[in-house]
Amino acid sequence: MVSSNQSHKVMNPLRYLREAVNTNIYVKLKDGTEYIGQLKVTDSTMNLLLENSVEVKDGRQVVAKLGKVLIRGSMIQYISFTPEVAAPEVELK
107 MVSSNQSHKV MNPLRYLREA VNTNIYVKLK DGTEYIGQLK VTDSTMNLLL ENSVEVKDGR
167 QVVAKLGKVL IRGSMIQYIS FTPEVAAPEV ELK
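So in my numbering, the last one in the sequence shown is 199, and the numbering has no gaps at all.
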């Protein structure tokens, strides 16, 4: 049982996103679409702008090289800050 005087650290995903700017990330959308690209901009609603991005299938096969992609935050299922783990066979810039 947790006593009421113990403090709990709240994890804010926006902080992690802001710290990941200019790094490669893996994003999976609710419709199953997957992207890997360099995070350039994010906002308070988790909208993302990726550059040098690719669409991948099953985290492995490149479907299309897209360049810039704007992703609506409400469509995101999850984000991996280690795309080389999520998609090991995709060559990243």
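Here a beta-carbon is modelled for each residue, glycine too, at the ideal position from N, C-alpha and C.
Please classify G173: is it buried, with 16 or more other beta-carbons within 10 angstroms of its beta-carbon, or exposed? Its Cβ having fewer than 16 others within 10 Å, G173 is exposed.
Close Cβ partners of K82 (< 6 Å) along its chain, the five nearest in sequence each way excluded: For the chain, the structure presents residues 107 to 199; residue 82 sits outside this window and is missing.
Under DSSP, the beta strand (DSSP E) around E157 begins and ends at which residues? Segment 154-163, the beta strand (DSSP E) holding E157.
Does G143 pass the burial test, meaning 16 or more other C-beta atoms within 10 Å, or should it be called exposed? That one is buried.
Cα-Cα separation between Y132 and T151, rounded to whole angstroms: Looking at the two C-alpha atoms, the distance is approximately 18 Å.
Alpha carbon to alpha carbon, how far is G179 from L154? Just so you know, the alpha carbons of G179 and L154 end up roughly 7 Å apart.
Please report how far the alpha carbon of E125 lies from the alpha carbon of N158, in whole angstroms. The alpha-carbon atoms of E125 and N158 are separated by roughly 19 Å.
Could you name the residues that DSSP lists as bridge partners for N130? Within the DSSP bridge table, the entry for N130 names Q144 as partners.
Decide if V147 is buried, meaning its Cβ has at least 16 other Cβ atoms within 10 Å, or exposed. So V147 counts as exposed.
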